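What follows is one structure encoded as structure tokens, with my remarks underneath.
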Amino acid sequence: MTLSELRGVRRAQEEAQTVERHGFHPTVADYVRVAIILFIVTAIEVAIYYIPSLHGILVELLLALSSIKFVLVVLWYMHLRFDSKLFSALFAMGLAMTIALFVATLATLGAGLL
Amino acid sequence: MHQTARLAESTLETSTGLDNRKLAMWLFLASEAFFFGSLIATYLLYRGQSQTGPQPSDVFDIPFTSVSSFVLLMSSTTMALSVAAANRGDVRALRTWLLTTALLGMSFLAGQAFEFTDFYHRGLTLSSNLFGSTFYILTGFHGAHVSVGVLILLSLWVMAMRGQVGRHNAINVELSGLYWHFVDIVWILIFTLVYLIQP
Chain F
1 MTLSELRGVR
11 RAQEEAQTVE
21 RHGFHPTVAD
31 YVRVAIILFI
41 VTAIEVAIYY
51 IPSLHGILVE
61 LLLALSSIKF
71 VLVVLWYMHL
81 RFDSKLFSAL
91 FAMGLAMTIA
101 LFVATLATLG
111 AGLL
Chain S
1001 MHQTARLAES
1011 TLETSTGLDN
1021 RKLAMWLFLA
1031 SEAFFFGSLI
1041 ATYLLYRGQS
1051 QTGPQPSDVF
1061 DIPFTSVSSF
1071 VLLMSSTTMA
1081 LSVAAANRGD
1091 VRALRTWLLT
1101 TALLGMSFLA
1111 GQAFEFTDFY
1121 HRGLTLSSNL
1131 FGSTFYILTG
1141 FHGAHVSVGV
1151 LILLSLWVMA
1161 MRGQVGRHNA
1171 INVELSGLYW
1181 HFVDIVWILI
1191 FTLVYLIQP
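Listed below in structure tokens is the structure:
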């Protein structure tokens, strides 16, 4: 098999896998829409930081807003929404271990933090 | 002939049906999550416990860091556009978006260098107090990761200019993109937990 034929086979395999697994692939317009949402969420984050009346629930609001940004980047820009579930599982495993580390560290050493 | 053999090898099916390089990158990112998680946990553990030296509220400039954060967020968008261009085989767009991403990354690093210098002049050093130690270690390691990402992007851009990156090896751009986006999501957490939520 020649080099160009191999390239063709490889591309065809990749495209077939993409269509089969993903069914959908984000367009440039999708990426721009996500960017606009990220901009708006960041602007809200900074705005509420300066609103004294919201300081009682500042931590909860900021964590929720940063979670939205985190999830948007992971699902759309890192393609976990469209990619194999195995990739999601690997990343979730890392996150779960990180959260466990957080809880263990702050609960045992950080008196009053948890 | 050597190139043909390499391509034939990469065409072989894996037991998972997935590209092993991509699988390895996700495993690496999972370990990186653990690494940054430990640094953030350490920062939170010692937060508000500094007896001397500048406190976060004395040195942080939220509007400035907000702009830096926005620059890094937008670099994720341009990186996603790079990957899309590579998958389409649009080499011209690929070169443009790769260079834009690298420039945005360098802008973020310039902002971080300015911020560190400013903090240093205000008396916050690596050894001035617990806040200084944990803050510089955490954000310094993140900055080092961004620097590595910029080097990868510039290498890809040079290769793209030479016609060595295109649709046939778009996976290389995709893997670099995964790393870049990861660096971005780590900053999303640092910006919120370190800068916005202060003791």
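Sequences listed follow chains F and S, in order. Going by the numbering used here, the first residue of the first sequence is number 1, and it counts up by one from there. Going by the numbering used here, the first residue of the second sequence is number 1001, and it counts up by one from there. Even for Gly, the Cβ is constructed at its ideal location relative to N, Cα and C. A quick note: this is a predicted structure, and the numbers were derived from the prediction, not measured.
| Item | Value |
| --- | --- |
| Contact set for M1161(S): own chain, Cβ-Cβ below 7 Å, skip 5 residues either direction | R1095 |
| 8 Å Cβ cutoff, D1061(S) in contact with chain F | no |
| Cβ-Cβ separation, V1194(S) to L1138(S) (assumed contact under 8 Å), whole Å | 7 Å |
| For L95(F), three-class secondary structure by DSSP | helix |
| Stretch-stretch touch, CB-based, cutoff 8 Å, three pairs: the stretch 56-71 of chain F with the stretch 100-108 of chain F | no |
| Under 8 Å between C-beta atoms of T1125(S) and Y1046(S) | no |
| Short CB-CB distance (under 8 Å) between K69(F) and chain S | yes |
| Segments of 4+ residues assigned as alpha helix (DSSP H) that fall wholly inside the stretch 1077-1156 of chain S | 1091-1121 |
| Cutoff 8 Å: I1137(S) Cβ touching any chain F Cβ | no |
| Residues near R21(F) in its chain [Cβ-Cβ closer than 8 Å; skip 5 each side] | Confidence is the limiting factor: at R21(F) the pLDDT is only 47, short of 50, which leaves the residue's position unreliable, though a coordinate-based value still follows. If we look at R21(F) and ignore the five residues flanking it on each side, its Cβ neighbours are F82, D83, S84. |
| Which listed residue (F1131(S), N1172(S), Y1136(S)) has its alpha carbon closest to that of P1199(S) | F1131(S) |
| Outcome for V35(F) when other beta-carbon atoms lying within 10 angstroms are tallied against a minimum of 16 | Note that residue 35(F) corresponds to Ala in the displayed sequence, not to Val. Flag for A35(F) reads buried. |
| Complete runs of the alpha helix (DSSP H) confined to the stretch 40-81 of chain F [at least 4 residues] | 58-72 |
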